[in-house]
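Just so we're aligned, residue 1 is where the sequence shown starts under UniProt numbering, counting upward by one. From the three backbone atoms N, C-alpha and C, an ideal C-beta is built for every residue, glycine too. If you're wondering where the values come from, they're calculated on a predicted model, not measured in any experiment. Remarks on the structure that follows.
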Amino acid sequence: MDFYADWCGPCKTQDPILDELEGDYETVEFVKVDVDEEQDVANQYQVRSLPTLIVENDDDGIVDRFVGVTQRDDIESALSQAGA
Numbered sequence: 001m002d003f004y005a006d007w008c009g010p011c012k013t014q015d016p017i018l019d020e021l022e023g024d025y026e027t028v029e030f031v032k033v034d035v036d037e038e039q040d041v042a043n044q045y046q047v048r049s050l051p052t053l054i055v056e057n058d059d060d061g062i063v064d065r066f067v068g069v070t071q072r073d074d075i076e077s078a079l080s081q082a083g084a
């Protein structure tokens, strides 16, 4: 899950990385959550800073959480850990 806001500069930096990963990992569901529109979801996941990326799977729940712009290799490692 990608927690972002339209006004968030670092979120815009993160977008191209996530777009590439989405193309490479077709079996993974990439979900974008606009914190201004979906504050309840952001609160549920205790999102306090942007961007926040949460990698989860059906079996284990949250596998990893990243705050701030995150490098592709780190995200890929979390996706692998989640079984992608």
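For residue i, write down the residues that DSSP places opposite it in a beta bridge.
i	result
Arg-48	None; Arg-48 has no bridge partner.
Asp-2	Lys-32, Leu-53
Gly-61	Asn-57
Val-67	Thr-52
By the 10 Å Cβ neighbour count, where 16 or more other Cβ atoms means buried, how is residue i classified, buried or exposed?
i	result
Thr-70	buried
Thr-52	buried
Can you tell me which of the options puts its alpha carbon nearest to the alpha carbon of residue i?
i	options	result
Asp-15	Thr-27, Ser-49, Lys-32, Asp-59	Lys-32
Asn-57	Thr-13, Lys-12, Glu-29	Glu-29
Please state if the CB of residue j and the CB of residue i are separated by a distance shorter than 8 angstroms.
i	j	result
Asp-2	Leu-18	yes
Val-63	Ala-78	yes
Asp-36	Ala-5	yes
Pro-27	Ala-82	A small correction: the amino acid at residue 27 is Thr; Pro does not occupy that position in the sequence shown. The answer is no: Cβ separation not under 8 angstroms.
Ser-68	Pro-10	For clarity, residue 68 is Gly in the given sequence; the question names Ser instead. Yes, they are a contact pair.
Could you give the C-beta distance for residue i and residue j, rounded to a whole number, given that I count them as a contact under 8 angstroms?
i	j	result
Phe-66	Asp-74	7 angstroms
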